[in-house]
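Peer 1: Take this structure first; my questions come after.
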Amino acid sequence: MSQPSQDIIQKAQHLRDQLNDWSYRYYVLDDPAVPDAEYDRIYRELQALEAAHPSLVSADSPTQRVGDVPLEAFDQVQHEVPMLSLDNAFDDDELRAFDKRVRERLDVSDAVDYVAEPKLDGLAISLLYLDGELARAATRGDGQTGENITVNARTIRSVPLTLRGDKVPSRLEVRGEVVMPHEGFAALNARQEEAEQKVFANPRNAAAGSLRQLDSRITASRPLEFYAYSMAQLEGVPEPATHSDMLDALRSWNLRVNPEVRVCAGVEALLDFYHGILEKRDRLGYDIDGVVYKVNRFDWQRDLGFVSRAPRWAIAHKFPAQEELTVLNGVDWQV
Ligand code: NAD
C-alpha cells in the first residue's frame, strides 16, 4: 500500500486534534463545543481516512479510545473490566452488514436472536454491589479509569442501596445509564435561569454535570434516573446464559431495566423495533439517540469478542440528527 501524502498525514492530525479537543469539552468539562452530529461527521471522516491508510492510526486517535481522562477532583477507580464504547450503524444497510458479519463469524445461517434496547443519551456508570450492598459507583472515564462518584450515585432513587431477593450475588458489577428526564431538565433549567446560573445545553450534559458534583447535596437536588443494561462481574449465583436472562436477573434484584427492551429474531425484526422506537421517541420522556442491538447468547458474545474500543457482538443504530436550532454558548447550532 502506498504511503499517505504529507497533505493526508496533516489532515488526519487535524481531525484527531479537533475530535480530541471536542471530546475533552464533552466528557471532561460537560460543556460540548459542537452538536453530536458534527462530532460524528468528523469522526467518520477520520475513520475513512484511517481505513484507506492504516499507517495513520495512532494510539491517541479517537477511533482507538473511549471517552476521556477522569477529572482529578474525584478519587479514581480502576475498572476491573474495561468500560467500552459501541460501534455505530447510521443506516439500514450498515445494520444489515453488521448482522451479516455476526452470522459469518458465528457460522450460522439462521436468524440470530438479538436484544434491542433504546440507546439512552446520558452517561454510563458502573455500580458495584458486595453481598447485596452498594459498595462503589464510578463513571466510565477513559474506559480503564473512572471517577469515584459513590456518594452522588447514592442520591439517585432508582439506584438501589441494597439488592432485593433471597439469593443475591456476593459480587455484582452492573452497568447502565444515568439520564435526566425531559420534565426535570426543563424545571432545572428554569431554576438555573432564575438564579442566573449556567443553563445546560441538553439533558445529557445536565445529567453528566449533576453526577460529577463535588457536593452530593447538589446531585441530590437534580432529577436523575438510572437504567441498568449490562453486567460486568458476577459471583455467588449461577451465570445467566443470555443477555435477556441477565436483564431478568437484574430486575429480580430490584435494578431498573428499560421497559422498551425486546428480544428480536433477525435483522428485519431489529429494523421494526428501530422504526417503532423512532416513532415513540418524543413520548418516552427522556432522550435517546438511537437503539442498541446485542447478540443475546453469551457464548456467542464470547466467540465474537472485541475490537479495540467496542464489542463485535453489539452495535448502536443511531437516529438521524433532529432538525432543530439549538443556541448554545452563544452559538447557533443548526443540527
Ligand atoms: P456512544 O454514545 O456512541 O455509545 C456507547 C455508550 O452508549 C455507552 O457508553 C453507554 O453510555 C451508552 N448506552 C446507552 N444505552 C445503552 C444500552 N442500552 N446499552 C449499552 N450502552 C448504552 O459512544 P461514546 O463513546 O459514549 O460516545 C460517542 C458519542 O458521543 C458520539 O457518537 C458523539 O455523538 C458523542 N460525542 C459528542 C461530542 C461533542 O462534542 N458533541 C464529543 C464527544 C462525543
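With my numbering, the residue at position 35 of the sequence shown is 631, and numbering never jumps.
A virtual CB, placed ideally from N, CA and C, is assigned to each residue, including glycine.
Would you check whether ligand 1 has a heavy atom nearer than 6 Å to the C-beta of Ser681?
Peer 2: Ser681 Cβ: within cutoff of ligand 1.
Peer 1: Can you tell me the Cβ-Cβ gap for Ser651 and Pro600, rounded? I've got them flagged as a contact below 8 Å.
Peer 2: About 7 Å separates the two Cβ atoms, so the contact holds.
Peer 1: Alpha carbon to alpha carbon, what distance is there between Asn892 and Arg898?
Peer 2: Going by the C-alpha atoms only, they are around 11 Å apart.
Peer 1: In the structure shown, what three-state DSSP assignment does Leu611 receive?
Peer 2: Three-state result, Leu611: helix.
Peer 1: Could you give the first and the last residue of the continuous beta strand (DSSP E) run that contains Thr735?
Peer 2: Segment 729 to 735, the beta strand (DSSP E) holding Thr735.
Peer 1: Can you tell me whether Pro545 is buried or exposed? The criterion is at least 16 other CB atoms within 10 Å of its CB, across all chains shown.
Peer 2: With the chain covering 597 to 931 only, the question about residue 545 has no answer from this structure.
Peer 1: Contact between the region 684 to 700 and the region 900 to 912 is defined here as three or more beta-carbon pairs at a separation below 8 Å; is this criterion met?
Peer 2: With the cut-off at 8 Å, the region 684 to 700 and the region 900 to 912 touch.
Peer 1: Using a Cβ-Cβ cutoff of less than 8 Å, which residues in the same chain neighbour Asn744 once the five nearest sequence positions on both sides are dropped?
Peer 2: Correct list, in chain order: Phe670, Asp671, Gln672, Val673, Arg732, Ala733, Ala734.
Peer 1: Compute the distance between the beta-carbons of Ala906 and Leu702, then report whether it is under 7 Å.
Peer 2: Not closer than 7 Å, so no.
Peer 1: What did DSSP end up calling Ile884 once you bin it into helix, strand or coil?
Peer 2: DSSP places Ile884 in strand when its eight states are reduced to three.
Peer 1: When you compare each of Asp738, Leu730, Arg847 to Val751 by their alpha carbons, which one comes out closest?
Peer 2: Reading the sequence as shown, one finds Thr at residue 751 and not Val. Ranking the options by Cα distance to Thr751, first place goes to Leu730.
Peer 1: Assign Ile873 to one of two classes, buried (16 or more other C-beta atoms within 10 Å of its C-beta) or exposed (fewer than that).
Peer 2: Ile873 comes out buried.
Peer 1: Can you tell me the Cα-Cα spacing of Val774 and Phe686, whole angstroms?
Peer 2: Rounded to the nearest angstrom, the two C-alpha atoms are 24 Å apart.
Peer 1: For chain D, check one thing: does any of its Cβ atoms lie closer than 7 Å to the Cβ of Leu866?
Peer 2: The displayed structure is made up of one protein chain only, and chain D is not part of it.
Peer 1: Which residue or residues does DSSP assign as beta-bridge partners of Phe902?
Peer 2: Answer is Pro907.
Peer 1: Measure the Cβ-Cβ separation of Asn748 and Ser705 and say whether it is below 7 Å.
Peer 2: No. Outside cutoff.
Peer 1: Run the CB neighbour count on Ser904, radius 10 Å, all protein chains shown included, and call it buried at 16 or more, exposed below.
Peer 2: It counts as exposed.
Peer 1: Using the Cα positions of Leu611 and Gly805, report the straight-line distance between them to the nearest angstrom.
Peer 2: Taking the straight line from one Cα to the other gives about 27 Å.
Peer 1: Considering only the alpha carbon of each residue, which of Val662, Pro855, Asp883, Pro834 lies closest to Lys763?
Peer 2: Closest option to Lys763, Cα to Cα, is Pro834.
Peer 1: Is there contact between the region 856 to 866 and the region 704 to 719, where contact requires at least three CB pairs shorter than 8 Å?
Peer 2: Yes: at least three Cβ pairs fall under 8 Å.
Peer 1: Suppose only complete runs of 4+ residues qualify. What are the alpha helix (DSSP H) ranges in the region 805 to 831, listed by chain order?
Peer 2: Listed in chain order, they are 812 to 816.
Peer 1: Count the other C-beta atoms from every protein chain shown that fall within 10 angstroms of the C-beta of Glu646, then say buried if there are 16 or more, exposed otherwise.
Peer 2: The residue in question, Glu646, is buried, as its Cβ has 16 or more Cβ neighbours within 10 Å.
Peer 1: What is the DSSP secondary structure of Glu919, reduced to helix, strand or coil?
Peer 2: The predicted model places Glu919 with a pLDDT of 49, which falls under 50 and marks its position as unreliable; any figure quoted below should be read in that light. The answer is coil: DSSP assigns Glu919 none of H, G, I, E or B.
Peer 1: Buried or exposed, going by whether 16 or more other CB atoms sit within 10 Å of the CB of Leu820?
Peer 2: Leu820 should be labelled buried.
Peer 1: Can you tell me whether DSSP reads Pro714 as helix, strand or coil?
Peer 2: Looking at Pro714 - three-state DSSP - the assignment turns out to be strand.
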